[in-house]
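Working notes, structure below.
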Amino acid sequence: MACIANGVMVNVSSKMPSCGRKRVPIDFTKMRDIDRARRTNIRSLAAAMKVPKTTIHRRIKEGKIRPHSNALKPYLSEQAKKARLQFCLSMLEPSEDESQPRKFKSMYNYVHIDEKWFYMTKEAERYYLLPEEEEPHRTCKSKRFIPKVMFLAAVARPRFDANQNEEFSGKIGIFPFVFKEPARRSSKNRPAGTLETKAILSVTKDIIRSCLINEVLPAIQSKWPRSSAHETIFIQQDNAKPHIQPFDLQFVEAATKDGFDIRLSNQPPSSPDMNVLDLGYFRAIQSLQHQEAPKTIDALVNAVEKSFEELSVDSLNRVFVSLQA
Numbered sequence: 010m011a012c013i014a015n016g017v018m019v020n021v022s023s024k025m026p027s028c029g030r031k032r033v034p035i036d037f038t039k040m041r042d043i044d045r046a047r048r049t050n051i052r053s054l055a056a057a058m059k060v061p062k063t064t065i066h067r068r069i070k071e072g073k074i075r076p077h078s079n080a081l082k083p084y085l086s087e088q089a090k091k092a093r094l095q096f097c098l099s100m101l102e103p104s105e106d107e108s109q110p111r112k113f114k115s116m117y118n119y120v121h122i123d124e125k126w127f128y129m130t131k132e133a134e135r136y137y138l139l140p141e142e143e144e145p146h147r148t149c150k151s152k153r154f155i156p157k158v159m160f161l162a163a164v165a166r167p168r169f170d171a172n173q174n175e176e177f178s179g180k181i182g183i184f185p186f187v188f189k190e191p192a193r194r195s196s197k198n199r200p201a202g203t204l205e206t207k208a209i210l211s212v213t214k215d216i217i218r219s220c221l222i223n224e225v226l227p228a229i230q231s232k233w234p235r236s237s238a239h240e241t242i243f244i245q246q247d248n249a250k251p252h253i254q255p256f257d258l259q260f261v262e263a264a265t266k267d268g269f270d271i272r273l274s275n276q277p278p279s280s281p282d283m284n285v286l287d288l289g290y291f292r293a294i295q296s297l298q299h300q301e302a303p304k305t306i307d308a309l310v311n312a313v314e315k316s317f318e319e320l321s322v323d324s325l326n327r328v329f330v331s332l333q334a
């Protein structure tokens, strides 16, 4: 009562301080000597250090042990490292004052293209079901041959006005490598002769050239902002074997029509992180596509195209900012 009368805070906790069993001591210096192959999960690390798993788990929560996810990186030779550095330096704006830090180019005149396989479904899927719901039964002829379609996507950096209103979405297009073929035999689903959509499973240089000339270039020329149509537009691609060379005659002829100056350029070898599609945009499209659960090639194509259109322009712009960072 005296504490209350004097305005002193009263501790009513029933927990006694400095009591209970002592903590299990861990010699963290010994952890450095344990091979990293034995440090890939809590169970193996606890066995190597001869302590309970719960002790390791508590030290992780306390921040004494740090979990780390490690992804394989592309191997880079010394020549490839120099090419990456030169590419990054080429993306800096020229500056007359060397004392001032240089800025990266805005990249508004760059179109990034790349190809990706989109699958009908994932090999393993996770669902949330009610207790009385029946579990889904998914089948395919072989896990190694899940139906898939390759797409070529083309994106540029979006543009906004002073009030952050969209002027140009940057979405040039996403184009499937498919063809139509009449069905040879009748089935319960369609009669013989019905046109079926089938995926092109072997994409060659001629197919890439045809897609660039007949799909990508017309899309750029029709969607590009008129205010900057006179500027040189660079189409950045990786170094895949089916890709055409920047000086391909058929491409150059088509790329200089209607007053446009569109050129091909290659990104550094073994550098998928230099392309916004590989850097994150493809993954975002795929995440939306899997929510559609397509059952046919036509449905898969529609799902990917719909996901490409629905993905926000802000997401695309953020990936470009990540590339510059």
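The working numbering applies: residue 10 is where the sequence shown begins, and numbers increase by one. Ideal Cβ placement from N, Cα and C applies to all residues, glycine included. None of the values given here were measured: they were computed from a predicted structure.
Check	Outcome
Residues bridged to Gln109 (per DSSP)	Gln109 is not bridged to any residue.
Cβ neighbours of Ile183 in the same chain (closer than 8 Å, five flanking residues each side left out)	Phe160, Leu161, Ala162, Ala163, Ile294, Val313, Glu314, Phe317
Continuous alpha helix (DSSP H) stretch holding Gln276: start and end	Element bounds for Gln276: n/a, residue is neither H nor E.
Reduced DSSP category for Ala14 - H, G, I as helix; E, B as strand; rest coil	helix
Residues bridged to Lys3 (per DSSP)	An answer regarding residue 3 cannot be provided, because it is not within the stretch 10 to 334 covered by the chain.
Under 7 Å between C-beta atoms of Val285 and Phe329	yes
Cβ-based burial, Leu221 [other Cβ within 10 Å; buried from 16]	buried
Residues of its chain near Arg194, where Cβ-Cβ distance is below 8 Å and the 5 sequence neighbours each way are ignored	Ala201
Closest Cα partner of Val310 within the set Phe169, Pro167, Ile209	Ile209
DSSP three-state assignment for Glu87, whether helix, strand or coil	helix
Residue environment, Ala249, which counts as buried when at least 16 other CB atoms sit within 10 Å	exposed
Thr241: first and last residue of the uninterrupted beta strand (DSSP E) it sits in	241-246
Cβ-based neighbour list, Ile271, same chain, cut-off 6 Å, excluding 5 preceding and 5 following	Ile242, Ala264
Segment contact flag, the stretch 272-279 with the stretch 81-101, C-beta cutoff 8 Å, min 3 pairs	yes
Segment limits, beta strand (DSSP E) that includes Phe127	119-128
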